[in-house]
Every structure is written in structure tokens, then in C-alpha cells.
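Going letter by letter, the sequence shown gives residues 18 to 115 in this note's numbering.
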Amino acid sequence: VIVAAIYMLWMVQRVIFGPLTKDLVKNLNDFSLREVVVLVPLVFWTIFLGVYPQPFFERIEVSIKHYIEIIKNQEPRFAQKEAESSGLAKFLVWNLSE
């Protein structure tokens with residue numbers, strides 16, 4: 018584990034912080050206008066949703082409550098043979114395919 022961590026840190030140092038050796042990548046810019054136009058709304062909505070998620074929760078609340086009621090109303094169904102058998106079969110209590 019220690020050798021793997023040392024190798025990973027050495028690799029990250031070379032890949033991310035190392036000098037540019039190929040002429041093809043020396044002329045690349047960090048961000049183009051197209052990338053900024055795509056990233057700015059994504060960053061905005063990510064931060065907004067993380068800081069103030071309540072409007073989104075309010076919009077999905079009705080459908081989530083509907084699904085919770087459907088699941089609550091399902092009765093656990095299992096066959097007697099499965100309940101008495103050993104192994105993982107006894108944990109198959111919910112049969113939602115019917």
C-alpha cells in the first residue's frame with residue numbers, strides 16, 4: 018500500500034505539475050469560450066442546488082409521496098418454502114413483480 022501511494026504521488030506530480038514535453042499541447046489554452054459557456058451554468062446550478070435545494074424538493078414532493086404510498090401498501094409476500102429454506106432465499110420477502 019505504501020509503495021502504491023508513493024507511485025501515485027510521483028505519477029500525479031509528473032502528469033499534473035510536470036513540464037510540457039510535447040509541442041502539440043504547448044499551444045493549448047486553458048479554457049475556450051465554448052467551454053466557459055457550458056461550465057458557468059453547470060457550476061451555478063451545482064452551487065445553487067447545494068446551498069438552497071428546497072425549491073427542487075418542493076417540486077418532487079408530490080410524486081415521491083405517491084411512490085412511498087405505493088410501497089407502503091404492498092404486502093410482504095413470500096412462500097412458506099422460501100421462508101424455511103436457508104441461504105439468501107429467505108431474505109426475498111418483497112415480491113414486487115406480481
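Here a beta-carbon is modelled for each residue, glycine too, at the ideal position from N, C-alpha and C. Computed from a predicted model, the values in this text were never measured in an experiment.
Would you tell me roughly how many angstroms separate the C-alpha atoms of I85 and V79, rounded to the nearest one?
One-based indexing of the sequence shown puts residue 85 at position 68. One-based indexing of the sequence shown puts residue 79 at position 62. Cα-Cα distance, rounded: 10 Å.
F73, DSSP secondary structure in three states:
By one-based count along the sequence shown, residue 73 stands at place 56. F73: helix per DSSP, three-state reduction.
Grouping DSSP H, G and I as helix and E and B as strand, with all else coil, what is E115?
Residue 115 sits at position 98 when you count from the first residue of the sequence shown. For E115, the predicted model reports a pLDDT of 49, less than 50, meaning its position is unreliable and no value from the coordinates is stated.
DSSP state of K39, grouped into three classes?
Taking the sequence shown and counting its residues from 1, one reaches residue 39 at position 22. Residue state, collapsed to three classes: coil.
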